[in-house]
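Reading through the C-alpha coordinates given below for one structure.
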Amino acid sequence: MPGLFSRLFRKDTQGRSPRPAHPADAARQRTRQGEREVRIAVYDSLGTVPRIVDVRSSDHADLLNELASRTYSFAREKGGKLPYVAIKEIVENLLHADFQDAVISVLPDGNTIRVSDRGPGIIEKEKAFLPGFTTASAEMRRIIRGVGSGLPIVRDSMRAVGGSVSIEDNLTRGCVVTLSSISKTGETPSGASERVSGRSTTPAASFRQLDPGIPEAQREGAGFAGNTVSEGEDDEVFLERLDGMLSDRQRRVFRALAEKGEAGPSTIVKQLDISLSTAYRDLVSLEEQGLVEPADTTGKRRLTARGMTFLARLAR
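So, in C-alpha coordinates, the structure goes:
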(Lines of atoms letter the chains of each structure in order from A and count residues from 1; the text may use other names and numbers.)
(Lines give C-alpha, C1' and ligand atoms only; values in the text may rest on other atoms or scores of the structure.)
Protein backbone atom coordinates (compact mmCIF):
# COMPACT_ATOMS: atom_id res chain seq x y z
CA MET A 1 0.00 0.00 0.00
CA PRO A 2 2.73 2.57 0.85
CA GLY A 3 4.31 1.81 -2.52
CA LEU A 4 1.00 2.50 -4.27
CA PHE A 5 0.59 5.88 -2.51
CA SER A 6 4.18 6.79 -3.38
CA ARG A 7 3.64 6.01 -7.05
CA LEU A 8 0.38 7.98 -7.13
CA PHE A 9 2.02 10.94 -5.37
CA ARG A 10 4.93 10.98 -7.83
CA LYS A 11 2.58 10.77 -10.79
CA ASP A 12 0.49 13.66 -9.46
CA THR A 13 3.57 15.79 -8.88
CA GLN A 14 4.96 15.10 -12.33
CA GLY A 15 1.65 15.87 -14.02
CA ARG A 16 1.28 19.30 -12.48
CA SER A 17 2.14 22.44 -14.41
CA PRO A 18 5.11 24.39 -13.07
CA ARG A 19 4.32 27.32 -10.81
CA PRO A 20 4.21 30.72 -12.52
CA ALA A 21 7.50 32.56 -12.36
CA HIS A 22 7.82 35.46 -9.94
CA PRO A 23 7.68 38.86 -11.75
CA ALA A 24 11.26 39.59 -10.70
CA ASP A 25 12.38 36.25 -12.14
CA ALA A 26 10.54 37.02 -15.39
CA ALA A 27 12.26 40.41 -15.62
CA ARG A 28 15.66 38.81 -15.12
CA GLN A 29 14.82 36.25 -17.81
CA ARG A 30 13.92 39.01 -20.29
CA THR A 31 17.17 40.80 -19.50
CA ARG A 32 19.13 37.60 -20.15
CA GLN A 33 17.42 37.37 -23.53
CA GLY A 34 18.56 40.88 -24.43
CA GLU A 35 15.33 42.81 -23.80
CA ARG A 36 15.77 46.26 -22.33
CA GLU A 37 13.19 48.61 -20.81
CA VAL A 38 13.22 52.40 -20.53
CA ARG A 39 10.68 54.45 -18.60
CA ILE A 40 9.35 57.78 -19.92
CA ALA A 41 7.89 60.15 -17.31
CA VAL A 42 5.66 62.91 -18.75
CA TYR A 43 4.95 65.77 -16.32
CA ASP A 44 1.75 67.80 -16.73
CA SER A 45 2.95 69.89 -13.78
CA LEU A 46 5.76 69.55 -11.27
CA GLY A 47 3.20 69.23 -8.48
CA THR A 48 1.52 66.10 -9.85
CA VAL A 49 2.53 62.51 -10.43
CA PRO A 50 3.84 62.09 -14.00
CA ARG A 51 2.30 59.82 -16.61
CA ILE A 52 4.47 56.74 -16.98
CA VAL A 53 5.14 54.98 -20.28
CA ASP A 54 7.38 51.91 -20.36
CA VAL A 55 9.02 51.08 -23.67
CA ARG A 56 10.81 47.76 -24.09
CA SER A 57 12.37 45.74 -26.88
CA SER A 58 15.10 43.18 -27.48
CA ASP A 59 16.00 45.01 -30.73
CA HIS A 60 18.07 47.89 -29.40
CA ALA A 61 17.98 49.88 -32.65
CA ASP A 62 14.16 49.76 -32.69
CA LEU A 63 14.09 50.64 -28.99
CA LEU A 64 16.20 53.77 -29.56
CA ASN A 65 14.02 54.88 -32.48
CA GLU A 66 10.81 54.29 -30.54
CA LEU A 67 12.13 56.19 -27.50
CA ALA A 68 13.24 59.17 -29.59
CA SER A 69 9.95 59.31 -31.49
CA ARG A 70 7.76 59.06 -28.40
CA THR A 71 9.81 61.57 -26.42
CA TYR A 72 9.69 64.04 -29.29
CA SER A 73 5.91 63.57 -29.66
CA PHE A 74 5.29 64.06 -25.93
CA ALA A 75 7.37 67.25 -25.92
CA ARG A 76 5.62 68.63 -29.04
CA GLU A 77 2.20 67.93 -27.49
CA LYS A 78 3.18 70.33 -24.70
CA GLY A 79 4.34 72.99 -27.13
CA GLY A 80 8.02 72.15 -26.89
CA LYS A 81 10.39 73.15 -29.68
CA LEU A 82 13.38 70.92 -28.94
CA PRO A 83 14.90 69.66 -32.22
CA TYR A 84 14.41 65.97 -32.93
CA VAL A 85 18.09 65.47 -33.79
CA ALA A 86 19.13 66.56 -30.27
CA ILE A 87 16.59 64.26 -28.61
CA LYS A 88 17.65 61.33 -30.80
CA GLU A 89 21.34 61.79 -30.02
CA ILE A 90 20.97 61.91 -26.24
CA VAL A 91 18.62 58.94 -26.30
CA GLU A 92 21.22 56.99 -28.30
CA ASN A 93 23.72 57.67 -25.51
CA LEU A 94 21.70 55.24 -23.36
CA LEU A 95 23.31 52.46 -25.37
CA HIS A 96 26.62 53.29 -23.67
CA ALA A 97 24.94 52.65 -20.31
CA ASP A 98 23.25 49.47 -21.55
CA PHE A 99 19.94 51.19 -20.68
CA GLN A 100 20.60 50.59 -16.97
CA ASP A 101 17.66 52.04 -14.97
CA ALA A 102 17.15 54.59 -17.74
CA VAL A 103 14.48 57.28 -17.29
CA ILE A 104 13.46 59.99 -19.76
CA SER A 105 11.64 62.93 -18.16
CA VAL A 106 9.58 65.40 -20.21
CA LEU A 107 8.92 68.51 -18.10
CA PRO A 108 5.62 70.46 -18.24
CA ASP A 109 6.30 72.97 -21.05
CA GLY A 110 7.98 70.37 -23.28
CA ASN A 111 11.10 72.53 -23.54
CA THR A 112 13.15 70.62 -20.97
CA ILE A 113 13.97 66.93 -21.30
CA ARG A 114 16.21 64.93 -18.98
CA VAL A 115 17.68 61.54 -19.82
CA SER A 116 19.17 59.72 -16.86
CA ASP A 117 20.77 56.32 -16.35
CA ARG A 118 22.80 54.36 -13.83
CA GLY A 119 25.52 53.21 -16.18
CA PRO A 120 29.26 53.93 -15.94
CA GLY A 121 28.72 57.68 -16.33
CA ILE A 122 30.87 60.20 -18.19
CA ILE A 123 34.08 61.05 -16.39
CA GLU A 124 35.63 63.57 -18.79
CA LYS A 125 32.55 65.63 -19.60
CA GLU A 126 34.37 68.41 -21.45
CA LYS A 127 35.94 65.96 -23.90
CA ALA A 128 32.53 64.38 -24.51
CA PHE A 129 31.58 67.56 -26.41
CA LEU A 130 34.59 67.29 -28.74
CA PRO A 131 34.33 65.32 -32.01
CA GLY A 132 36.17 62.01 -31.99
CA PHE A 133 36.03 61.16 -28.28
CA THR A 134 33.93 58.04 -27.82
CA THR A 135 33.58 54.87 -25.74
CA ALA A 136 31.51 53.01 -28.36
CA SER A 137 32.46 49.38 -28.88
CA ALA A 138 32.38 47.49 -32.19
CA GLU A 139 29.04 45.97 -31.16
CA MET A 140 27.57 49.41 -30.46
CA ARG A 141 28.68 50.66 -33.88
CA ARG A 142 26.31 48.17 -35.48
CA ILE A 143 23.49 50.30 -34.05
CA ILE A 144 24.86 53.85 -33.75
CA ARG A 145 27.62 55.77 -35.52
CA GLY A 146 29.92 55.58 -32.49
CA VAL A 147 32.43 58.13 -33.80
CA GLY A 148 32.09 60.74 -31.05
CA SER A 149 29.86 63.10 -33.03
CA GLY A 150 26.66 62.80 -30.98
CA LEU A 151 27.13 65.38 -28.21
CA PRO A 152 28.80 67.95 -30.51
CA ILE A 153 25.72 67.68 -32.76
CA VAL A 154 23.44 68.09 -29.74
CA ARG A 155 25.32 71.16 -28.52
CA ASP A 156 25.24 72.89 -31.92
CA SER A 157 21.58 72.06 -32.66
CA MET A 158 20.54 73.34 -29.21
CA ARG A 159 22.51 76.55 -29.68
CA ALA A 160 20.70 77.02 -32.99
CA VAL A 161 17.38 77.29 -31.11
CA GLY A 162 18.82 79.40 -28.30
CA GLY A 163 18.94 76.47 -25.90
CA SER A 164 21.59 74.40 -24.17
CA VAL A 165 22.69 70.93 -23.11
CA SER A 166 24.20 69.91 -19.78
CA ILE A 167 25.79 66.75 -18.41
CA GLU A 168 25.76 66.03 -14.68
CA ASP A 169 26.52 63.04 -12.49
CA ASN A 170 23.46 61.09 -11.43
CA LEU A 171 22.92 60.22 -7.76
CA THR A 172 25.54 57.65 -6.74
CA ARG A 173 26.08 56.36 -10.30
CA GLY A 174 25.47 57.17 -13.96
CA CYS A 175 24.73 60.53 -15.55
CA VAL A 176 21.91 62.93 -16.42
CA VAL A 177 21.80 64.80 -19.75
CA THR A 178 19.43 67.77 -19.87
CA LEU A 179 18.15 69.62 -22.95
CA SER A 180 16.63 73.05 -22.30
CA SER A 181 15.21 75.48 -24.82
CA ILE A 182 13.26 78.72 -24.81
CA SER A 183 9.92 78.38 -23.03
CA LYS A 184 6.54 79.61 -24.25
CA THR A 185 7.05 82.88 -22.32
CA GLY A 186 10.35 83.52 -24.08
CA GLU A 187 12.38 82.91 -20.93
CA THR A 188 15.13 80.37 -20.60
CA PRO A 189 14.10 77.62 -18.13
CA SER A 190 16.11 77.35 -14.92
CA GLY A 191 19.25 75.32 -15.44
CA ALA A 192 19.39 76.14 -19.15
CA SER A 193 22.96 77.35 -19.10
CA GLU A 194 25.54 74.89 -20.35
CA ARG A 195 26.99 72.99 -17.41
CA VAL A 196 29.98 70.72 -17.62
CA SER A 197 31.65 69.41 -14.44
CA GLY A 198 29.87 72.05 -12.36
CA ARG A 199 31.04 74.97 -14.55
CA SER A 200 28.37 77.18 -16.11
CA THR A 201 28.52 79.23 -19.27
CA THR A 202 25.98 81.50 -20.91
CA PRO A 203 24.19 79.82 -23.84
CA ALA A 204 24.79 81.13 -27.31
CA ALA A 205 22.60 83.90 -28.70
CA SER A 206 19.19 82.78 -29.93
CA PHE A 207 18.84 81.83 -33.58
CA ARG A 208 15.70 80.99 -35.56
CA GLN A 209 15.10 77.26 -35.73
CA LEU A 210 16.82 75.54 -38.65
CA ASP A 211 15.62 72.31 -40.20
CA PRO A 212 18.42 69.70 -39.78
CA GLY A 213 17.21 67.85 -42.87
CA ILE A 214 18.27 70.64 -45.24
CA PRO A 215 21.96 71.27 -46.04
CA GLU A 216 23.44 74.41 -44.49
CA ALA A 217 24.38 75.98 -47.83
CA GLN A 218 20.83 75.46 -49.13
CA ARG A 219 19.34 77.07 -46.03
CA GLU A 220 21.54 80.14 -46.36
CA GLY A 221 20.89 80.50 -50.08
CA ALA A 222 17.12 80.39 -49.68
CA GLY A 223 16.83 82.02 -46.27
CA PHE A 224 14.94 78.99 -44.93
CA ALA A 225 14.26 78.93 -41.18
CA GLY A 226 12.23 75.89 -40.21
CA ASN A 227 8.50 76.42 -40.68
CA THR A 228 8.76 80.13 -40.07
CA VAL A 229 7.38 82.43 -42.76
CA SER A 230 9.67 85.43 -43.29
CA GLU A 231 8.34 88.89 -42.53
CA GLY A 232 6.15 90.13 -45.38
CA GLU A 233 5.96 86.67 -46.96
CA ASP A 234 2.59 84.94 -47.32
CA ASP A 235 2.09 81.20 -47.01
CA GLU A 236 1.90 80.68 -50.78
CA VAL A 237 5.31 82.26 -51.30
CA PHE A 238 6.70 80.17 -48.44
CA LEU A 239 5.34 76.95 -49.98
CA GLU A 240 6.82 77.89 -53.33
CA ARG A 241 10.17 78.37 -51.65
CA LEU A 242 9.76 75.10 -49.76
CA ASP A 243 8.84 73.29 -52.98
CA GLY A 244 12.36 73.84 -54.27
CA MET A 245 14.02 72.63 -51.06
CA LEU A 246 12.43 69.24 -50.42
CA SER A 247 14.45 66.26 -51.54
CA ASP A 248 12.90 63.67 -53.85
CA ARG A 249 12.75 61.20 -50.98
CA GLN A 250 10.99 63.71 -48.69
CA ARG A 251 8.43 64.28 -51.45
CA ARG A 252 7.83 60.53 -51.69
CA VAL A 253 7.41 60.30 -47.92
CA PHE A 254 4.96 63.23 -48.01
CA ARG A 255 2.93 61.67 -50.83
CA ALA A 256 2.87 58.27 -49.09
CA LEU A 257 1.55 59.92 -45.93
CA ALA A 258 -1.08 61.79 -47.96
CA GLU A 259 -2.26 58.50 -49.50
CA LYS A 260 -2.51 56.74 -46.14
CA GLY A 261 -4.12 59.60 -44.25
CA GLU A 262 -2.20 58.65 -41.11
CA ALA A 263 1.02 56.65 -41.00
CA GLY A 264 4.06 56.01 -38.83
CA PRO A 265 7.68 55.29 -39.76
CA SER A 266 7.15 51.53 -40.01
CA THR A 267 4.44 52.01 -42.64
CA ILE A 268 6.65 54.39 -44.62
CA VAL A 269 9.51 51.87 -44.43
CA LYS A 270 7.36 49.13 -45.98
CA GLN A 271 5.95 51.35 -48.69
CA LEU A 272 9.15 53.11 -49.79
CA ASP A 273 11.79 50.52 -48.86
CA ILE A 274 13.92 52.94 -46.83
CA SER A 275 15.53 52.50 -43.43
CA LEU A 276 13.60 53.13 -40.22
CA SER A 277 15.94 55.93 -39.12
CA THR A 278 15.54 57.65 -42.51
CA ALA A 279 11.75 57.44 -42.26
CA TYR A 280 11.85 58.98 -38.75
CA ARG A 281 14.16 61.75 -39.91
CA ASP A 282 12.07 62.67 -42.95
CA LEU A 283 8.79 62.66 -41.03
CA VAL A 284 10.29 64.91 -38.37
CA SER A 285 11.69 67.22 -41.05
CA LEU A 286 8.27 67.49 -42.71
CA GLU A 287 6.75 68.19 -39.30
CA GLU A 288 9.23 70.98 -38.56
CA GLN A 289 8.31 72.52 -41.92
CA GLY A 290 4.66 72.59 -40.83
CA LEU A 291 3.45 70.08 -43.42
CA VAL A 292 2.57 67.22 -41.05
CA GLU A 293 1.73 66.87 -37.36
CA PRO A 294 1.57 64.05 -34.78
CA ALA A 295 -1.64 62.05 -35.02
CA ASP A 296 -1.07 60.31 -31.68
CA THR A 297 1.75 59.35 -29.31
CA THR A 298 2.89 56.30 -31.29
CA GLY A 299 4.78 58.22 -33.97
CA LYS A 300 2.00 58.42 -36.57
CA ARG A 301 1.69 61.66 -38.55
CA ARG A 302 -1.02 63.29 -40.65
CA LEU A 303 -1.14 66.29 -42.97
CA THR A 304 -1.74 69.74 -41.52
CA ALA A 305 -3.81 72.47 -43.21
CA ARG A 306 -0.57 73.76 -44.70
CA GLY A 307 0.25 70.23 -45.81
CA MET A 308 -3.08 69.95 -47.61
CA THR A 309 -2.37 73.24 -49.36
CA PHE A 310 1.07 71.99 -50.35
CA LEU A 311 -0.44 68.71 -51.62
CA ALA A 312 -2.78 70.67 -53.87
CA ARG A 313 0.22 72.60 -55.15
CA LEU A 314 2.03 69.36 -56.02
CA ALA A 315 -1.04 68.13 -57.91
CA ARG A 316 -1.08 71.14 -60.25
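Each residue of the sequence shown is one higher than the one before, counting from 47 in my numbering.
Virtual Cβ for every residue (Gly too), placed ideally from N, Cα, C.
Owing to the predicted nature of the structure, the values given are computational and were not obtained by experimental measurement.
With 16 or more other Cβ atoms inside 10 Å of its own Cβ, MET204 counts as buried. For ARG102, the number of other beta carbons within 10 angstroms of its own is below 16, and it is reported as exposed. Counting C-beta pairs closer than 8 Å gives fewer than three between the stretch 143 to 157 and the stretch 184 to 204, which falls short of the contact rule. Contact annotation: the stretch 337 to 355 touches the stretch 115 to 126, with at least three C-beta pairs closer than 8 Å. For the pair GLU339 and THR355, the CB atoms are not nearer than the 8 Å cut-off. If you look at SER210, you'll find it in the beta strand (DSSP E) that goes 210 to 215.
In the three-state scheme derived from DSSP, where H, G and I count as helix and E and B as strand, ARG164 is classed as coil. Listed in chain order, the non-local C-beta contacts of SER162 below 6 Å within the same chain comprise VAL149, ASN216, VAL222, local neighbours out to five positions each way being set aside. The stretch 128 to 142 makes contact with the stretch 184 to 203, as at least three CB pairs between them are under 8 Å. When secondary structure is reduced to three states using DSSP, GLU123 falls in the helix class. With respect to the 8 Å criterion, GLY167 and ARG97 are not classified as neighbours on the basis of their beta carbons.
Within a 10 Å sphere around the beta-carbon of GLU334 sit 16 or more other beta-carbons, which makes this residue buried. With a beta-carbon spacing of about 5 Å, ARG160 and THR224 fall inside the 8 Å limit used to define contacts. With fewer than 16 other Cβ atoms inside 10 Å of its own Cβ, VAL283 counts as exposed.
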